[in-house]
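Numbering (my numbering), first residue to last: 648 to 1110.
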């Protein structure tokens, strides 16, 4: 999926997260306002008791307060309805404060804060509309002050009512409002860019995490992660399968549950190296759920967090098949050694007979030479078998000796696949040997297939 395809999804996710954040901000504002405004309303009511002419304003403030409390309680109402309700109540409180206090009151503070609060709760268009409304309201109050109407409303009679003074204060109010809105707008754009970048980084990290998890889940080696105390915190499917456990069953178990008793001391010595940052690779056996022992090679790497040892990640490679092959090679080598001994005895007996008949039978002499060559080849093969357990190296040694003895250009060994009966070129030497090695022939195909099918040697003249 391209970046153009994912961009709408990222914008939608950012919008959803921004809406959730605005809901939390609105709830917090309503709760704080409901708690903080209570004592203020009480003071206004007590003041109205001493000055009856202030009762209309006091009752208006009380009504605004009760509406805000209602918006705080009824959270199931639509978010925009509650947000606009709070903004309108704040506007009404600001207008009333302006009417009672004039330029000396708190009205200008309300009208400066309203556009910024609108930008936080809604968007920049609504904020611009509220800013225009605040300016119009300020202009209206300046007009009423100039006409002398405001004098009847003011609590503090020392307020200036001159239009020039109000105009000067209005310019300052306008400049302050514009600067605050511009700063708030740029800050909101900056926050949005940060949110977009965070979303992009989060998406990339999720892709990387999924990619890494897919690798860990699909590899053919078992992977175990232990904490600093030796308890397993993660086991991939291959590790669970190798040890006979269901997915997740190994989590929380100590490493000793999969360690044969005779291997415990050795594993403890290996584990003691990890806090020092030493990587380990060793051959051991692990214990399956049903008590079977599985030979493995363990590659263990220490884990550190903030330069403190936090655990070990171990990769387990099952070498059961390799062990089985080594055993078969060992048995085959012993068989060949026994065969050489038997052939050596036969050769001695044959030589005695040939010494008696050499003057009568030249064919017997040729047969003796042929047997000698066979014995030499067999002896060389025996030495090769005795010197190594590596099958490929063993086959190469046999082929090299055969080529030297026979004067051949190239030699190869073909084995039968027991499942498909196909012939597989197990090893080859000579020109283009890397191409021939690994070839497969159908049963009966080629010279090698003919020999396998008929059980006879075949000599083919080369033009």
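The beta carbon of each residue, even a glycine, is placed where N, CA and C say it ideally should be.
DSSP three-state assignment for residue i, whether helix, strand or coil
i	result
residue 1048	helix
residue 956	strand
residue 866	coil
residue 713	helix
residue 984	helix
residue 732	helix
residue 943	strand
residue 1108	coil
residue 884	helix
residue 897	coil
residue 769	coil
residue 965	strand
Residue burial classification, residue i (beta-carbon count within 10 angstroms, cutoff 16)
i	result
residue 774	buried
residue 697	exposed
residue 883	buried
residue 1091	exposed
residue 662	exposed
residue 929	exposed
residue 757	buried
residue 971	exposed
residue 738	buried
residue 819	Its pLDDT being 49, under 50, residue 819 is placed unreliably in this model, and the value from its coordinates should be taken loosely. When all chains shown are included, residue 819 counts as exposed.
residue 815	Here residue 815 scores only 48 on pLDDT, less than 50, and its place in the model is too uncertain to base an answer on.
residue 911	exposed
residue 1103	exposed
residue 699	exposed
Bridge-paired residues (DSSP) for residue i
i	result
residue 1075	1059
residue 932	942
residue 872	881 and 960
residue 951	956
residue 927	947
residue 1088	1070
Rounded straight-line distance, which links the Cα of residue j to that of residue i
i	j	result
residue 1111	residue 917	Since the first and last residues shown for the chain are 648 and 1110, residue 1111 lies out of range.
residue 691	residue 847	52 Å
residue 962	residue 770	54 Å
residue 1107	residue 1093	12 Å
residue 713	residue 765	21 Å
residue 921	residue 959	7 Å
residue 1095	residue 1080	16 Å
residue 874	residue 947	13 Å
residue 702	residue 695	5 Å
residue 872	residue 1073	39 Å
residue 953	residue 1059	57 Å
residue 688	residue 772	32 Å
residue 782	residue 744	15 Å
residue 1000	residue 993	11 Å
residue 978	residue 879	39 Å
residue 678	residue 935	60 Å
residue 900	residue 877	9 Å
residue 669	residue 719	14 Å
residue 1084	residue 965	26 Å
Any chain B beta carbon closer than 8 Å to residue i
i	result
residue 1102	Although the question refers to chain B, the structure presented lacks it and comprises just one protein chain.
Check: residue i C-beta below 7 Å from any heavy atom of the ligand SAH
i	result
residue 1085	The ligand SAH is absent from the structure shown, which contains no ligands of any kind.
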